[in-house]
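Below is one structure, written out as structure tokens; the observations come after it.
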Amino acid sequence: MTATKIAYVLDFDGTITETDITSAMARHFGKDHYLECSAAYRRGEFGMKEWLARMSLFLPPDPAELLDFAEARATLRSGLKEFFEFARSRGRPLYIASDGFGLYIEPILKRHGCREHVAGIFCNRVLPGNGRLETLTPYAHRSCPVCGNCKAAHVIELQEEGYRVLYVGDGLNDRFAAAYADGIFARDHLAEACTAAGFPFQRWDDFHDLIKTDILIENNHDHKFCDPAQKGFLRDNR
Ligand SMILES: [Mg+2]
Numbered sequence: 038m039t040a041t042k043i044a045y046v047l048d049f050d051g052t053i054t055e056t057d058i059t060s061a062m063a064r065h066f067g068k069d070h071y072l073e074c075s076a077a078y079r080r081g082e083f084g085m086k087e088w089l090a091r092m093s094l095f096l097p098p099d100p101a102e103l104l105d106f107a108e109a110r111a112t113l114r115s116g117l118k119e120f121f122e123f124a125r126s127r128g129r130p131l132y133i134a135s136d137g138f139g140l141y142i143e144p145i146l147k148r149h150g151c152r153e154h155v156a157g158i159f160c161n162r163v164l165p166g167n168g169r170l171e172t173l174t175p176y177a178h179r180s181c182p183v184c185g186n187c188k189a190a191h192v193i194e195l196q197e198e199g200y201r202v203l204y205v206g207d208g209l210n211d212r213f214a215a216a217y218a219d220g221i222f223a224r225d226h227l228a229e230a231c232t233a234a235g236f237p238f239q240r241w242d243d244f245h246d247l248i249k250t251d252i253l254i255e256n257n258h259d260h261k262f263c264d265p266a267q268k269g270f271l272r273d274n275r
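Throughout the sequence shown, residue numbering follows this note's numbering, covering 38 to 275 in sequence.
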């Protein structure tokens, strides 16, 4: 019998790091615009893709300044290195899927000696141009307007490669990918979203919990928030 192939997909901000660095940047540089934009996002008026486009208008044009800002706030969540070793010892590849500004993920992982543990990073980019930064979303769905990075598509692609996927996250927009995962580790807003949707999930606080509790739940969620194989966003499920 072939052993089950398992892969992890992890959110970055508020999951790997204790602080949501993208939100901290937007709050710091966007000030009241951050509050207005985030309130509209929470009301469901638009998704992360639009949020990123709006908030990137207020970022300083120098990526180095943003990187300094990020690295000063980058505290890795407890147990991360032990968890990475745990995954490596079991031959489980780790992927990061982030819908933040993205530029700081690889430098932070390298600074903390963790980059080699990560098989792939799916994230947005920021590029200087016209005196400001522009956010690029290379992993956006071809037609869905909601997320900058279609995390659900990454989960589905790994499943198509034969992996059972464990999703680890904290945020509201992680629900799109979690709905497709074979097991969900959720905290904070993702835990609330999973509870509301009736998804089975494992609540986690830090990465030691992911080592202690090794779950694999059949993906039998009837309810999906989106459908990447079709047009993406399902309007009734925002
Ligand atoms: Mg997050």
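Just so it is clear, CB atoms sit at the ideal spot from N, CA and C, and this is done for glycine as well.
Taking the beta strand (DSSP E) that I158 falls in, what are its first and last residues?
-> 157 to 159
How many Å lie between D225 and A40 at the Cα?
-> 33 Å
Check each candidate in L173, G139, Y176, E122 and name the one with the smallest Cα separation from G150.
-> E122
Taking one C-beta from the segment 240 to 249 and one from the segment 109 to 120 each time, how about it: are there three or more such pairs within less than 8 Å?
-> yes
Excluding five sequence neighbours on each side, which residues of the same chain lie with their C-beta closer than 7 Å to the C-beta of L113?
-> I53, T54, H149
Could you please give the first and the last residue of the uninterrupted beta strand (DSSP E) stretch that includes V192?
-> Here V192 belongs to no beta strand (DSSP E); instead the alpha helix (DSSP H) covers 188 to 197.
Which of helix, strand or coil does DSSP assign to A214?
-> helix
Can you list, in chain order, every residue whose CB sits closer than 7 Å to a heavy atom of ligand 1?
-> D48, F49, D50, G51, T52, D57, G206, D207, G208, D211
Under a Cβ-count criterion, where at least 16 other Cβ atoms within 10 Å of its own Cβ denotes burial, should D69 be classed as buried or exposed?
-> exposed
With a CB to CB cut of under 7 Å and the five nearest residues on each side skipped, what residues in its chain are close to A61?
-> R110
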